[in-house]
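Just so you know, the sequence shown maps onto residues 1 to 412 in our numbering.
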Amino acid sequence: MFVYQSRVKDQIVGSVKDVSVHAEGGIYTDAISGMFNVPFGYSCDPIKQHISKTLTDLPFHPKDHFYSSELFETSELVLKRAKMEDGGLLYVNSGSEAIESSIAMALEYHQRKGNTFKKKVICRKHSYHGATLGAHSITGRNDFKDLRCSGYDTIRINPPFPVVHEGQALEMHSVADVENIILHYGAEQIACIIFEPVNHLKGMRQTPGEYLIGIRELCDRYDIVMITDEIVTGASRTGEFLNTHQFGVSADIVALGKGISGGYYPASAMATSHKIASVFDKPEPWIPFSYSHTYASNPVSIAAINASMRVLEQIEAAGQLQKLITKTQALCQEIAGNERIARIESHGLLIGITLDSSLGEQAGKKLGGLCFERKLIIRGEEDWACLAPAYIMSEETLSDVFEVLNESISQL
1 MFVYQSRVKD QIVGSVKDVS VHAEGGIYTD AISGMFNVPF GYSCDPIKQH
51 ISKTLTDLPF HPKDHFYSSE LFETSELVLK RAKMEDGGLL YVNSGSEAIE
101 SSIAMALEYH QRKGNTFKKK VICRKHSYHG ATLGAHSITG RNDFKDLRCS
151 GYDTIRINPP FPVVHEGQAL EMHSVADVEN IILHYGAEQI ACIIFEPVNH
201 LKGMRQTPGE YLIGIRELCD RYDIVMITDE IVTGASRTGE FLNTHQFGVS
251 ADIVALGKGI SGGYYPASAM ATSHKIASVF DKPEPWIPFS YSHTYASNPV
301 SIAAINASMR VLEQIEAAGQ LQKLITKTQA LCQEIAGNER IARIESHGLL
351 IGITLDSSLG EQAGKKLGGL CFERKLIIRG EEDWACLAPA YIMSEETLSD
401 VFEVLNESIS QL
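Structure (structure tokens):
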């Protein structure tokens, strides 16, 4: 028998609690929040209890005629936080589906406006957008380069920060460079541009605010749909509910996932602005959009999002999130002097590290292994590593995490 997985697994897990994973090898501190998707830890009773009640009373229902009582209440919560109160929301099951539906929505938006030639998608090299074929098609990761699906063409641009791609140092693309690319292919053919505000690959690189503002202006000028992949950064992971909010920028379409359900149930969403929603002939509050999945917007997933949004509000109101962000910034500064660290920066509770080039191309992967030996779970690949502590992690535990991290880096 074979089980297909993205990587070989190490151990059987027994249980999880708070920010710890109990497995065959011992008790591990999870400093990556599952995989960015468990921001409230593994023991959040309000979420677990609300899901449990829904699972008992309404585990599922026929989709053609019915919807759960929480559907619109939850949608209002999400759209308000996304600053898209007069926009629309589509629920799906995973980040990859949120990305695919975002591309589909951008293409349909132009079709409904009569812009039938707008079928090209601008995406970044060294980006990551998901595991399905459509998401692979716009992902700029090296090992996905030959995976494409038909229906739209991709134009790959360089990111606005230094990065080595396929062994070559890429020239950073400015807003002016992106505009030149748009004009080269013809604005009448460009449907959308999609990017992560903080690039996961290469160790959490923040897109500069002036670049975000410039891309927003280009999209308005040339009628290009701006899509942000906030699957990792959403749900206040970087301080604001959406990363772009801290720069005063709003996208036309936002892909959400991971933290919006607290990691307690598979759920994701695509949020759109009023501009996108307004092109549909709609019997409010429903908008017909032919992108349906069997389990999308099922009652349990909606309950998970609803409860998670309320827990997030409580954590923010108590100042707990900001306190941990401040502590994270201080801890990053403390270990920044380690000569094996070329770059370390934090964006809210996302920490990105680039290791010194003298340590080799796989230093990040080696670092992940050294941390795991010390019962600490981070993510490390190539020459980079990242952490994403849970919002409920204690300052003492966070300090311990950085102590183990620094010791492990010193061993490289």
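Every residue, glycine too, gets a C-beta built ideally from N, C-alpha and C.
For the structure I just gave you, are there three or more beta carbon pairs, one from the region 384-393 and one from the region 190-203, closer than 8 Å? Because the criterion of three Cβ pairs below 8 Å is met, the region 384-393 and the region 190-203 touch.
Could you pull out every residue in the same chain whose Cβ sits closer than 6 Å to the Cβ of Ser195, ignoring the five residues on either side in sequence? By one-based count along the sequence shown, residue 195 stands at place 195. The sequence as given places Phe at residue 195; Ser does not occur at that position. For Phe195, where only same-chain residues beyond five positions count, the Cβ hits under 6 Å are Arg124.
Can you check the region 6-94 for any beta strand (DSSP E) of at least 3 residues that lies completely inside it and give the ranges in chain order? If we require 3 residues or more, the beta strand (DSSP E) runs fully inside the region 6-94 come out as 13-17, 20-23, 26-30 and 88-92.
How about the region 299-313 and the region 346-359: do they share at least three Cβ pairs that are nearer than 8 Å? Remark: fewer than three beta-carbon pairs, one from each stretch, lie closer than 8 Å, so the region 299-313 and the region 346-359 are not flagged as touching.
Ordered along the chain, which non-local residues of its own chain (more than five positions away) have a Cβ less than 8 Å from that of Ile315? What you label residue 315 is simply residue 315 of the sequence shown in a count that begins at 1. Apart from sequence neighbours up to five positions away, the residues of its chain that approach Ile315 with a beta-carbon distance below 8 Å are Phe40, Leu321, Tyr391 and Ile392, ordered along the chain.
Can you find the residues in the same chain that come closer than 6 Å, C-beta to C-beta, to Glu240, ignoring five residues on each side of it along the sequence? Position 240 of the sequence shown, counted from the first residue, corresponds to residue 240. Only Gln246 meet the Cβ criterion.
Residues that DSSP places opposite Val164 in a beta bridge: As a first step, residue 164 must be located in the sequence shown, where it is residue number 164. Beta-bridge partners of Val164 (DSSP): Ala169.
Three or more C-beta pairs under 8 Å: does that hold for the region 324-333 against the region 95-110? No, they do not touch.
Count the other CB atoms within 10 Å of the CB of Leu376; is the residue buried (16 or more) or exposed (fewer)? The sequence position of residue 376 within the sequence shown is 376, counting from 1. Buried, since its Cβ has 16 or more Cβ neighbours within 10 Å.
Around the Cβ of Tyr152, are there at least 16 other Cβ atoms within 10 angstroms (buried) or fewer (exposed)? Stepping through the sequence shown from its first residue, residue 152 is reached at position 152. In this structure Tyr152 is buried. Its beta-carbon is surrounded by 16 or more other beta-carbon atoms within 10 angstroms.
Which value, in whole angstroms, describes the spacing of the CA atoms of Asp64 and Pro288? Start at 1 with the first residue of the sequence shown, and residue 64 comes out as number 64. Start at 1 with the first residue of the sequence shown, and residue 288 comes out as number 288. Those two C-alpha atoms are separated by around 12 Å.
Proximity of Ser94 and Gly257 at Cβ, strictly below 8 Å: Start at 1 with the first residue of the sequence shown, and residue 94 comes out as number 94. Start at 1 with the first residue of the sequence shown, and residue 257 comes out as number 257. Less than 8 Å separates the beta-carbon of Ser94 from that of Gly257.
Excluding the 5 residues flanking Glu230 on each side, which residues of the same chain have their C-beta closer than 7 Å to its C-beta? Here residue 230 refers to the residue found at position 230 when the sequence shown is read from its first residue. The residues are Pro197, Leu242, Asn243, Val254, Ala255 and Leu256.
Since I believe Ser408 is in contact with Leu370 (beta carbons under 8 Å), could you give me their beta-carbon distance rounded to a whole number of angstroms? Counting from 1 along the sequence shown, the entry for residue 370 is found at position 370. Counting from 1 along the sequence shown, the entry for residue 408 is found at position 408. In this structure Leu370 touches Ser408 by the C-beta definition: roughly 4 Å separates them, less than 8 Å.
Would Val225 and Tyr42 be called neighbours here (beta carbons separated by less than 8 Å)? Position 225 of the sequence shown holds residue 225. Position 42 of the sequence shown holds residue 42. It is not a contact, given that the beta carbons lie outside the stated cut-off.
Rounding to the nearest angstrom, what Cα-Cα distance links Leu58 and Thr272 in this structure? By one-based count along the sequence shown, residue 58 stands at place 58. By one-based count along the sequence shown, residue 272 stands at place 272. Taking the straight line from one Cα to the other gives about 28 Å.
Taking Glu415 as the reference, give the member of Glu217, Leu107, Pro285 and Gln11 with the closest Cα. The displayed coordinates of the chain run from 1 to 412. Any statement about residue 415 would go beyond what the structure contains.
I'd like the ranges of any beta strand (DSSP E) spanning at least 3 consecutive residues and lying wholly in the region 187-254. Fully enclosed beta strand (DSSP E) runs of 3 or longer: 190-195 and 225-229.
Would you kindly check if the distance between the Cβ of Gly34 and the Cβ of Gly368 is under 8 Å? If you number the sequence shown from 1, residue 368 lands on position 368. If you number the sequence shown from 1, residue 34 lands on position 34. Not a contact, by the Cβ cut-off of 8 Å.
Check whether the Cβ atoms of Val92 and Met270 lie closer than 8 Å to each other. Looking up residue 92 in the sequence shown gives position 92. Looking up residue 270 in the sequence shown gives position 270. Result yes, Cβ atoms of Val92 and Met270 sit closer than 8 Å.
Nearest candidate by alpha-carbon position, reference Leu312, set Gly14, Val38 and Met105: Position 312 of the sequence shown holds residue 312. Comparing Cα positions, the closest option is Val38.
DSSP three-state call for Glu345: helix, strand or coil? The residue labelled residue 345 in the question sits at position 345 within the sequence shown. Three-state result, Glu345: strand.
Excluding the 5 residues preceding and the 5 following Lys113 in the sequence, name in chain order all residues of the same chain whose CB lies nearer than 7 Å to its CB. Taking the first residue of the sequence shown as position 1, residue 113 is located at position 113. Only Val279 meet the Cβ criterion.
Boundaries (first-last residue) of the alpha helix (DSSP H) holding Ser408: Within the sequence shown, residue 408 is the residue found at index 408, counting from 1. Glu395 to Ser410 is the span of the alpha helix (DSSP H), which, as asked, contains Ser408.
Start and end of the beta strand (DSSP E) containing Asp153? To locate residue 153, count along the sequence shown from 1; it is residue 153. For Asp153, the enclosing beta strand (DSSP E) has its first and last residue at Asp153 to Ile157.
Assuming the contact rule is C-beta atoms closer than 8 Å, Gln189 and Lys118 should be a hit. Round their C-beta distance to whole Å, please. Taking the sequence shown and counting its residues from 1, the one referred to as residue 189 is at position 189. Taking the sequence shown and counting its residues from 1, the one referred to as residue 118 is at position 118. That pair is a contact at about 6 Å.
So, for Ile213: in the same chain, excluding its five sequence neighbours on each side, which residues have a beta-carbon less than 8 Å away from its beta-carbon? As a working note, residue 213 is residue 213 in the sequence shown. Excluding residues within five positions, the ones whose Cβ falls inside 8 Å are Phe247, Gly248 and Val249.
Between the alpha carbons of Val175 and Tyr67, how many angstroms are there, rounded? Here residue 175 refers to the residue found at position 175 of the sequence shown. Here residue 67 refers to the residue found at position 67 of the sequence shown. When rounded, the distance between both Cα atoms is 43 Å.
Suppose contacts are defined by Cβ-Cβ distances below 8 Å. Is Ile227 in contact with Cys192 by that definition? If you number the sequence shown from 1, residue 227 lands on position 227. If you number the sequence shown from 1, residue 192 lands on position 192. Here Ile227 is near Cys192, since their CB atoms are less than 8 Å apart.
Residue from Ala277, Tyr28 and Tyr222 whose Cα sits closest to the Cα of Ile182: In the sequence shown, residue 182 corresponds to position 182, counting from 1. For Ile182, the closest C-alpha among the options Ala277, Tyr28 and Tyr222 is that of Tyr222.
Could you check which residue in Gly140, Arg379, Pro62 and Lys83 has the C-alpha nearest to that of Ala235? Translated into the one-based positions of the sequence shown, residue 235 becomes position 235. For the residues Gly140, Arg379, Pro62 and Lys83, the minimum Cα distance to Ala235 belongs to Lys83.
When the Cα atoms are used, what is the spatial distance from Val19 to Ala31? Counting from 1 along the sequence shown, the entry for residue 19 is found at position 19. Counting from 1 along the sequence shown, the entry for residue 31 is found at position 31. Each residue's alpha carbon lies about 8 Å from the other.
Start and end of the beta strand (DSSP E) containing Lys120? Translated into positions along the sequence shown, residue 120 becomes position 120. Note, Lys120: beta strand (DSSP E), Lys120 to Arg124.
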